[in-house]
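Protein chains: 2
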Amino acid sequence: MEKGLIFVISGPAGCGKGTVVGKLREMMPNIGFSVSATTRPPRPGEIDGVNYHFITRGKFTELLEAGEVLEHTEYCGNMYGTLKSEAVRTLNEGRDIILEIEVEGALQIKSMMPDDAVAVMLIAPDPEELERRLRGRGTESDEVIKRRLKRSVEEIGLAENYDYVVINETGKTDECAAKIQGIINAEHLRYQRMKDTVNGYAAGQKI
Amino acid sequence: MEKGLIFVISGPAGCGKGTVVGKLREMMPNIGFSVSATTRPPRPGEIDGVNYHFITRGKFTELLEAGEVLEHTEYCGNMYGTLKSEAVRTLNEGRDIILEIEVEGALQIKSMMPDDAVAVMLIAPDPEELERRLRGRGTESDEVIKRRLKRSVEEIGLAENYDYVVINETGKTDECAAKIQGIINAEHLRYQRMKDTVNGYAAGQKI
């Protein structure tokens, strides 16, 4: 069975990746999603095991030391990470995985799995819109928002390490998700992933 | 204005590229199509300036020597080529081009324009289907068909020089064309083509 691919959907805070990935979940029900682990407390409405695995810092450190975290980052005082066990199980079933993670973690995955991971950076249409989105969330202090804005612009400078950049236009979540779906489909048609098919053909296996 | 990209749709004789590209013309009316030049005589129903520019060998050689042919190949005794003037004009208008060309020509374009050309190899589902398609056309002698079959298998061995490989399943032209449309859309989102957008953003041009 052909192994799945990891599609890393990432981008600075305020790029709207949560909403876009939610839409992708609806559009591609067969794709695997690896729920991240985090030490930050749930926001109103967030569900443990669905939005994140909400775990203690002690548990996170324990998993990290056991080599059970594929990528991780500390962000605004909280740990976020992808549990290796979750990702590997799904890939081995021949299913793709969509990972919604922060920029730092995306780069870790790309460097750890260069052949299997495709990284997409989502960005807001412009910095003003980015700020509006961060403030609109209404859950962070002004100090946190300023820190996030500064970091967001720094993170966009890391886009060169990504495979794709998609602008998440305001009010066009469906269009943005459809673009990412197109990227997922196209990546499966790249020569290196069709190599076995081509080689079998050229060797006349079906003649 | 952002320059267009060249999408080279290619593959061995019998892969069905003519039909698929015809479908793409319908699906993407704004995309540019560069009509190839050839010295072979028109088949029944083919129209000069639409299917090909049907020109004499003398004229073809003249254009070739003047550096006016972007890629060319001799195939079964006939010359085929892409007129430079046609392609350059369209790209400079900011429009993509779809080129339907033979395998040899596709490799010439890829080596001449590595940053601007994306090559897609279409293949029949299997060698038996390929032979059936070549015979079904009913316009070639048995000797020509055998020569083409042998060459087709050789050409599939060149797929490693392509960016994408798409299987053109029998009776699924629409699906095949939709896959190529997805590739075209995805390629425009690759980081190197979004670089100006990203750099402008990071430099705060819109702040």
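Protein sequence lines, in the order shown, are assigned to chains A and B.
All residue numbers in the first sequence are consecutive under my numbering, ending with 207.
All residue numbers in the second sequence are consecutive under my numbering, ending with 207.
Glycine residues also receive a C-beta, built at the ideal position from the N, C-alpha and C atoms.
If the cut is a Cβ gap below 7 Å, which residues of chain B does Y194/A touch? The residue you call residue 194/A lines up with position 194 of the first sequence. Here residue 194/A turns out to be Met, not Tyr, going by the sequence shown. Correct list: V165.
Count the other CB atoms within 10 Å of the CB of P41/B; is the residue buried (16 or more) or exposed (fewer)? For this step, residue 41/B is matched to residue 41 along the second sequence. Result: exposed.
Is R190/A close to chain B, meaning its C-beta is less than 8 Å from at least one C-beta of that chain? To locate residue 190/A, count along the first sequence from 1; it is residue 190. Answer yes: the Cβ-Cβ gap between R190/A and chain B drops below 8 Å somewhere.
Taking 8 Å as the cut-off, decide whether the C-beta atoms of G14/B and R133/B are in contact. Counting from one through the second sequence, the residue named residue 14/B turns up at place 14. Counting from one through the second sequence, the residue named residue 133/B turns up at place 133. Their beta carbons are under 8 Å apart, which means G14/B touches R133/B by this criterion.
Which residue or residues does DSSP assign as beta-bridge partners of R190/B? Numbered from 1 along the second sequence, position 190 holds the residue referred to as residue 190/B. According to DSSP, R190/B bridges with Y164/A.
Per DSSP, the bridge partner or partners of G22/A: Taking the first residue of the first sequence as 1, we reach residue 22/A at position 22. Bridge partners of G22/A: none, in fact.
Identity of the residue in L149/A, E86/A and V118/A nearest E129/A by Cα: As a first step, residue 129/A is located in the first sequence; it is residue number 129 there, counting from the start. Measuring from the Cα of E129/A, the nearest candidate turns out to be L149/A.
Just to make sure I have the definition right: I need the residues of chain B whose C-beta is within less than 7 Å of the C-beta of V198/A. Which are they? Here residue 198/A refers to the residue found at position 198 when the first sequence is read from its first residue. Neighbours of V198/A on chain B, chain order: I156, A159 and V165.
DSSP three-state assignment for A66/A, whether helix, strand or coil: The count along the first sequence starts at 1 and reaches residue 66/A at position 66. Reduced to three states, the DSSP call for A66/A is coil.
Just confirm the distance between the C-beta atoms of A106/B and I6/B, as a whole number of angstroms; I'd bet it's less than 8 Å. Taking the second sequence and counting its residues from 1, the one referred to as residue 106/B is at position 106. Taking the second sequence and counting its residues from 1, the one referred to as residue 6/B is at position 6. Actually they do not touch by this definition, with Cβ atoms about 10 Å apart.
So, is G200/B buried or exposed, given that buried needs 16 or more other C-beta atoms within 10 angstroms? Indexing the second sequence from 1 puts residue 200/B at position 200. When all chains shown are included, G200/B counts as exposed.
Which residue's Cα is closest to the Cα of I131/A: K110/A, V153/A and M121/A? Walking along the first sequence from the start, residue 131/A turns up at place 131. A quick correction: the sequence has Glu, not Ile, at residue 131/A. Checking every option, the nearest Cα to that of E131/A belongs to V153/A.
If you follow the beta strand (DSSP E) that L158/B is part of, which residue opens it and which one closes it? Stepping through the second sequence from its first residue, residue 158/B is reached at position 158. Per DSSP, L158/B belongs to no beta strand (DSSP E) and is neither H nor E.
Between the Cα of E143/B and the Cα atoms of C76/B, K3/B and V35/B, which residue gives the shortest distance? The residue labelled residue 143/B in the question sits at position 143 within the second sequence. Comparing Cα-Cα distances from E143/B to each of C76/B, K3/B and V35/B, the minimum goes to C76/B.
Using the beta-carbon of each residue, which ones in chain A are nearer than 7 Å to I123/B? Walking along the second sequence from the start, residue 123/B turns up at place 123. Within chain A, the residues near I123/B are Y201.
Taking only three categories from DSSP, how would you classify S10/B? Taking the second sequence and counting its residues from 1, the one referred to as residue 10/B is at position 10. Strand, per DSSP.
What residues in its chain sit with their C-beta under 6 Å from that of I55/A, if we drop five residues either side in the sequence? Counting from one through the first sequence, the residue named residue 55/A turns up at place 55. Contacts found: A37.
Can you tell me whether I207/B is buried or exposed, with buried defined as 16 or more other CB within 10 angstroms of its CB? Locating residue 207/B in the second sequence gives position 207, where the first residue counts as 1. Since pLDDT at I207/B reaches only 38, below the 50 mark, its modelled position is unreliable, and the value read off the structure follows with that caveat. Label assigned to I207/B: exposed.
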